[in-house]
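Enquirer: Have a look at this one before I ask anything.
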Amino acid sequence: AQKITQTQPGMFVQEKEAVTLDCTYDTSDPSYGLFWYKQPSSGEMIFLIYQGSYDQQNATEGRYSLNFQKARKSANLVISASQLGDSAMYFCAMREGRTSGSRLTFGEGTQLTVNP
Amino acid sequence: DGGITQSPKYLFRKEGQNVTLSCEQNLNHDAMYWYRQDPGQGLRLIYYSQIVNDFQKGDIAEGYSVSREKKESFPLTVTSAQKNPTAFYLCASSTRGGRGTDTQYFGPGTRLTVL
Chain A
1 AQKITQTQPG MFVQEKEAVT LDCTYDTSDP SYGLFWYKQP SSGEMIFLIY
51 QGSYDQQNAT EGRYSLNFQK ARKSANLVIS ASQLGDSAMY FCAMREGRTS
101 GSRLTFGEGT QLTVNP
Chain B
1 DGGITQSPKY LFRKEGQNVT LSCEQNLNHD AMYWYRQDPG QGLRLIYYSQ
51 IVNDFQKGDI AEGYSVSREK KESFPLTVTS AQKNPTAFYL CASSTRGGRG
101 TDTQYFGPGT RLTVL
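Protein chains in written order, with the numbering used here: chain A, 1 to 116; chain B, 1 to 115.
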């Protein structure tokens with residue numbers, strides 16, 4: 001079974017509007033972390049936001065927020081006030097437990113296009 | 001500035017040749033990682049190392065080898081045994097695993113093409 005599922009291969013949003021990118025995960029480990037990365041066309045992976053499984057509040061970083069619903073095993077990324085520079089591939093990733101170190105499992109990504 | 005460098009940015013190789021991709025970091029991170037990305041897909045873990053002189057296989061280690069002789073460096077060799085080596089290779093580093101966010105920070109990547 002897929003550990004990280006991103007069901008939206010592509011998303012479109014108008015500039016200045018908000019957009020939600022979906023991510024569901026599958027783990028039986030009570031201790032895990034969820035990450036979102038942005039990959040522009042240049043290829044570099046840029047860290048956006050982190051949510052720990054024991055965090056009580058949803059993570060926020062500037063225009064990025066993470067809608068963490070633990071019971072549903074979802075960790076959706078919300079980008080507010082979209083900008084043209086937000087057009088990129090977005091990846092959700094999970095780190096499980098403590099024994100495996102920091103190794104991450106990535107989803108297949110969502111291509112976001114921001115229209116002017 | 002602290003960061004991760006990968007060289008070269010583009011690499012061309014003939015079939016049957018081994019090639020080594022460089023990854024250097026000055027973030028004082030203990031852990032380093034190599035990922036492979038094929039077009040339109042996510043990243044898959046090749047090898048990772050949590051400490052000098054120690055490394056573990058990831059999900060797709062066959063046809064690859066690594067070394068970790070220095071904390072700052074984690075070179076990846078793509079051997080002739082790797083059947084489909086054409087891909088984008090990303091190196092990352094993080095603080096040592098298991099505590100806190102352990103956020104992985106990535107280098108700019110190396111695009112390998114086998115001719």
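Ideal Cβ positions, reconstructed from N, Cα and C, are used throughout, including at glycine.
Can you tell me whether residue 118 (chain A) is buried or exposed? The criterion is at least 16 other CB atoms within 10 Å of its CB, across all chains shown.
Expert: Outside the displayed range of chain A (1 to 116) lies residue 118 (chain A), so it cannot be described from this structure.
Enquirer: Nearest to residue 108 (chain B) by CA position, among B:89, B:14, B:58 and B:52, is which residue?
Expert: The residue you call residue 108 (chain B) lines up with position 108 of the second sequence. Answer by Cα proximity: B:89.
Enquirer: State the DSSP-derived secondary structure class of residue 16 (chain B), mapped to helix, strand or coil.
Expert: Position 16 of the second sequence holds residue 16 (chain B). In the three-state reduction of the DSSP assignment, residue 16 (chain B) falls in the coil class, being assigned neither a helical nor a strand state.
Enquirer: Is residue 25 (chain B) close to chain A, meaning its C-beta is less than 8 Å from at least one C-beta of that chain?
Expert: Position 25 of the second sequence holds residue 25 (chain B). False, the Cβ-Cβ gap to chain A never drops below 8 Å.
Enquirer: For residue 108 (chain A), which residues in chain B fall below 7 Å Cβ to Cβ?
Expert: What you label residue 108 (chain A) is simply residue 108 of the first sequence in a count that begins at 1. Near residue 108 (chain A) (Cβ distances below 7 Å), the residues of chain B are 41 and 42.
Enquirer: Kindly identify the DSSP beta-bridge partner or partners of residue 54 (chain A).
Expert: Counting from 1 along the first sequence, the entry for residue 54 (chain A) is found at position 54. According to DSSP, which records beta bridges pairwise, residue 54 (chain A) is partnered with nothing at all.
Enquirer: Quick one: Cα of residue 103 (chain A) to Cα of residue 16 (chain B), how far?
Expert: Residue numbering aside, residue 103 (chain A) sits at position 103 when the first sequence is read from its first letter. Residue numbering aside, residue 16 (chain B) sits at position 16 when the second sequence is read from its first letter. If you take the alpha carbons of residue 103 (chain A) and residue 16 (chain B), they lie about 30 Å apart.
Enquirer: When you compare the CB positions of residue 53 (chain B) and residue 68 (chain B), do they come within less than 8 Å of one another, or not?
Expert: Numbered from its first residue, the second sequence carries residue 53 (chain B) at position 53. Numbered from its first residue, the second sequence carries residue 68 (chain B) at position 68. Yes, Cβ-Cβ distance for residue 53 (chain B) and residue 68 (chain B) is below 8 Å.
Enquirer: In chain order, what residues of the same chain have a beta carbon less than 8 Å from the beta carbon of residue 23 (chain A), not counting five sequence neighbours either side?
Expert: Position 23 of the first sequence holds residue 23 (chain A). So the list reads 4, 5, 6, 34, 36, 74, 75, 76, 77, 92 and 107, once near-sequence residues are dropped.
Enquirer: Would you identify the three-state DSSP class for residue 86 (chain A), choosing helix, strand or coil?
Expert: Counting from 1 along the first sequence, the entry for residue 86 (chain A) is found at position 86. In the structure shown, residue 86 (chain A) falls within a helical segment according to DSSP collapsed to helix, strand and coil.
Enquirer: Less than 6 Å between C-beta atoms, sequence neighbours within five positions excluded: which residues of the same chain meet that for residue 26 (chain B)?
Expert: If you number the second sequence from 1, residue 26 (chain B) lands on position 26. Correct list, in chain order: 2.
Enquirer: Output needed in chain order: residues of the region 37 to 56 of chain A with a Cβ under 9 Å from some Cβ in chain B.
Expert: 37, 39, 42, 43, 44, 45, 46, 47, 50 and 52
Enquirer: Does chain B have any CB closer than 8 Å to the CB of residue 35 (chain A)?
Expert: Counting from one through the first sequence, the residue named residue 35 (chain A) turns up at place 35. Cβ-Cβ to chain B under 8 Å: yes for residue 35 (chain A).
Enquirer: Beta-carbon within less than 8 Å of residue 113 (chain B)'s beta-carbon, same chain only, minus the 5 sequence neighbours each way: which residues are those?
Expert: Locating residue 113 (chain B) in the second sequence gives position 113, where the first residue counts as 1. Once the five neighbours on either side are set aside, the close Cβ partners of residue 113 (chain B) are 10, 11, 12, 13 and 86.
Enquirer: Using DSSP with H/G/I as helix, E/B as strand and the rest coil, what is residue 13 (chain A)?
Expert: To locate residue 13 (chain A), count along the first sequence from 1; it is residue 13. Strand at residue 13 (chain A).
Enquirer: If residue 95 (chain A) and residue 102 (chain B) are in contact, beta carbons under 8 Å, what's the gap, nearest whole angstrom?
Expert: Position 95 of the first sequence, counting from 1, holds the residue named residue 95 (chain A). Position 102 of the second sequence, counting from 1, holds the residue named residue 102 (chain B). About 6 Å separates the two Cβ atoms, so the contact holds.
Enquirer: Name, please, each residue of chain B whose Cβ falls closer than 7 Å to the Cβ of residue 95 (chain A).
Expert: Residue 95 (chain A) sits at position 95 when you count from the first residue of the first sequence. Those within 7 Å of residue 95 (chain A) in chain B are 102.
Enquirer: Once you ignore the five residues that flank residue 113 (chain A) on each side, which residues in its own chain have a CB closer than 8 Å to its CB?
Expert: Along the first sequence, one-based indexing puts residue 113 (chain A) at 113. Only 10, 11, 12, 13 and 87 meet the Cβ criterion.
Enquirer: What does a CB cutoff of less than 7 Å around residue 63 (chain A) pick up in its chain, not counting 5 residues either side in sequence?
Expert: Along the first sequence, read from residue 1 onward, the residue named residue 63 (chain A) stands at position 63. Cβ within range, chain order: 79, 80 and 81.
Enquirer: Return the residues of the region 72 to 91 of chain B that lie within a Cβ-Cβ distance of less than 8 Å from chain A, sorted by chain order.
Expert: 88 and 90
Enquirer: If I measure Cβ to Cβ from residue 17 (chain A) and keep anything under 7 Å in the same chain, skipping five residues before and after, which residues do I get?
Expert: Locating residue 17 (chain A) in the first sequence gives position 17, where the first residue counts as 1. So the qualifying residues of the chain are 82.
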